[in-house]
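These protein sequences, in sequence, are chains B and F.
All residue numbers for the first sequence refer to the numbering used here, where the first residue is 146 and numbers rise by one.
All residue numbers for the second sequence refer to the numbering used here, where the first residue is 146 and numbers rise by one.
Glycine included, each C-beta is placed from N, C-alpha and C at the ideal position.
There are 2 protein chains.
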Amino acid sequence: MAMTTDSIFYQDMDGKPIESPNKIKIMDISIELFSRKGFTGVSIRDITKEVGIKESSLYNHFRSKEELLSTIFFNFRRSISRILPQEDHLGGMLQSVSPELFLKQSLAGLMKHIDDPVMAKVWRMMYLEQYRDRVVRDIYLNDIVGNMLKSLEKVFSIWIAAGRIQPADARILAAEYQYPLFAMIGVYVLLRVDGSSTWDIETGMREHVDYFVSKIIV
Amino acid sequence: MAMTTDSIFYQDMDGKPIESPNKIKIMDISIELFSRKGFTGVSIRDITKEVGIKESSLYNHFRSKEELLSTIFFNFRRSISRILPQEDHLGGMLQSVSPELFLKQSLAGLMKHIDDPVMAKVWRMMYLEQYRDRVVRDIYLNDIVGNMLKSLEKVFSIWIAAGRIQPADARILAAEYQYPLFAMIGVYVLLRVDGSSTWDIETGMREHVDYFVSKIIV
DNA sequence: GTCTATAGAGGGATAGAC
DNA sequence: GTCTATCCCTCTATAGAC
């Protein structure tokens, strides 16, 4: 996967790039604060104070606090869609690498997304707001959990059909592979709130991939 | 496991049972509201309005909004500690039942806890507040994730030593078994926010136990 | 696009009568 | 233990000058 810093470029919800320095600063600081205190725990005052503008100036960039939140998740969704394997490229990719390597590379791609200084915070926001906000809940359940399981199921079916792994229910394999990672990612982003060491949980993720692979190879 | 309705009995943080009907009502309604809108998203006014008392009356029961929150999590912690396998009873229990049955019964015990009408909401609160509140973070990371993994590791070591399952790293087995369940529980409580069907994810949990057992038996 | 000023509602918490 | 009344602060958002 090519190096990219795309993820720090924001767009408005109509697709226009956000270029105003103050608007970018509002996004950055809102993400930082929302991810630590939650949407309802952060006031417009908190945000504008750190940005260095008056409250009223924020409303030149966003119509409301809600629109600011929606813009953040709009960009998260856009960013997430890029780390899912592209259906049409699957065929070629799956032939050229081993299951083990493919899974390790996917995990690396996911971790790269979560490790992005901005996206790490939005992941936290997602876990934090999903109980309060139906849109966020749908992003998690559909865009993240649903899509990842579906695309993994496809991958495992292909491997099974090609006899590269043991015959099994591809849907169950996808769940067995992915759900532990979801839980571990949750722990990972939680540990990073306090700046605690994430060494154990990262090791756990690698051990999981190894264990899983050891149980499915022919 | 014997039927019990213990979980709906609250204690104050000094250990005294909460008996005042209004105080119980405050607890119930706070849990309901906090679990849907988050601590900072709910006001004392919201709570007392539903309880049917004036704001000032709440302060006869709790010194502050924070103390109310702490009391809720104090009771959650107490309740959680009861679903962990007791170290001293492990020996006997492990000899009398098969690994498969033991794991299925543990899962049933956990699901029973989460299905309790009150505790389901506090689980949601825990997922919701853990990013904002260090104490809640510690409850999740230590009392729940940490303790469950530790006690499961013990169980697997015993089985391995007794030759009842294939030799393996007990710590990894514990992680492989438990992490998917954590993620699935997260999805489960999330689905219940909207009253969506949890049939798929419950099936997923059972399939996980089956798959896991199939990979470890001798 | 930023500012000052302010509106108008809602926040947590307390005093003191009953 | 509940009430009325109130304090003082913070909240989101808008109007209008520059």
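- Query: Leaving out the 5 sequence neighbours to the left and right, which residues in its chain are closer than 8 Å to M329(B) when beta-carbon positions are compared?
  - Reply: I346, G349, M350 and H353
- Any beta-carbon of chain F closer than 9 Å to the one on Q250(B)? no
- Message: Between A320(B) and chain F, is the shortest Cβ-Cβ distance under 9 Å, so that the two count as touching?
- Response: yes
- Message: Any beta carbon from chain B within less than 9 Å of E347(F)'s own beta carbon?
- Response: no
- Name the residue from I176(B), L318(B), E245(B) and I225(B) whose alpha carbon lies nearest to the alpha carbon of E195(B). I176(B)
- Compile a chain-ordered list of the residues in the region 259-275 of chain B whose CB is closer than 8 Å to at least one CB of chain F. R269, Y272, L273 and Q275
- Is Q156(B) helix, strand or coil when you go by DSSP? strand
- Query: Near E200(B), what residues of its chain come up, given a Cβ to Cβ distance below 8 Å and the 5 sequence neighbours on each side ignored?
  - Reply: I189, R190 and T193
- Message: Could you pull the DSSP bridge partners for I310(F) from this structure?
- Response: I362(F)
- Item | Boundaries of the alpha helix (DSSP H) in which T193(F) is found, first to last residue | I189 to V196
- Message: With distance defined between alpha-carbon atoms, name the residue in S296(F), P262(F), L252(F) and D314(F) nearest to P325(F).
- Response: L252(F)
- Query: Ordered along the chain, which non-local residues of its own chain (more than five positions away) have a Cβ less than 6 Å from that of D151(F)?
  - Reply: At D151(F) the pLDDT is 40, less than 50, meaning the model places this residue with poor confidence and gives no usable figure here.
- Query: Alpha carbon to alpha carbon, what distance is there between L214(F) and A320(F)?
  - Reply: 31 Å
- Task: Just list the alpha helix (DSSP H) runs in the region 197-244 of chain F, keeping only unbroken ones of 4 residues or longer that don't cross its boundaries, in chain order.
- Result: 200-203, 210-226 and 232-241
- Item | Where R298(B) falls, given that 16 or more other Cβ within 10 Å makes a residue buried | The question names Arg, yet the displayed sequence has Glu at residue 298(B). Its Cβ being crowded by 16 or more others within 10 Å, E298(B) is buried.
- Hey, G308(B) and R277(F) are a contact pair by Cβ (cut 8 Å); roughly how many whole angstroms apart? The pair is not a contact, with the Cβ atoms about 50 Å apart (cut-off 8 Å).
- Between which two residues does the alpha helix (DSSP H) harbouring V267(B) extend? P262 to E274
- Under a CB-based cut-off of 9 Å, is K360(B) close to chain F? yes
- How about M329(F): is its C-beta nearer than 9 Å to some C-beta of chain B? yes
- Message: So if I threshold CB-CB distances at 7 Å, which residues from the region 198-222 of chain F count as touching chain B?
- Response: none
- Could you tell me whether the Cβ atoms of M270(F) and S180(F) are closer together than 9 Å? yes
- Message: Under DSSP, the alpha helix (DSSP H) around S165(B) begins and ends at which residues?
- Response: Element bounds for S165(B): n/a, residue is neither H nor E.
- Are Y285(B) and Y272(F) closer than 9 Å when you measure CB to CB? no
- Own chain partners of R223(B) with C-beta closer than 8 Å, once the 5 adjacent residues on each side are dropped: Q156
- In angstroms with no decimal places, state the Cα-to-Cα distance between P162(B) and F154(B). 7 Å
- Could you please tell me which residues of the region 174-195 of chain B, in chain order, have their CB closer than 9 Å to any CB of chain F? S180, R181, K182, G183, F184, T185, G186 and V187
- Message: Please report the straight-line C-alpha distance between P166(B) and I198(B), rounded to a whole angstrom.
- Response: 12 Å
- Query: If the cut is a Cβ gap below 8 Å, which residues of chain F does Y356(B) touch?
  - Reply: I317 and E321
- Message: Using the three-state DSSP reduction, which class does D173(F) fall into: helix, strand or coil?
- Response: helix
- Message: For a quick check, are the C-beta atoms of H206(F) and K266(F) less than 9 Å apart?
- Response: no
- Taking L286(B) as part of the alpha helix (DSSP H), name the residues at either end of that continuous run. Unbroken run through L286(B): none, as it is neither H nor E.
- Query: Mind checking if P166(F) is an interface residue toward chain B, Cβ cutoff 9 Å exclusive?
  - Reply: no
- Query: If you draw a straight line from the alpha carbon of I171(B) to that of L203(B), how long is it in whole angstroms?
  - Reply: 8 Å
- So, is the C-beta of Y285(F) closer than 9 Å to a C-beta in chain B? yes
- Message: Taking CB distances under 9 Å as the criterion, tell me whether D339(F) reaches chain B.
- Response: yes
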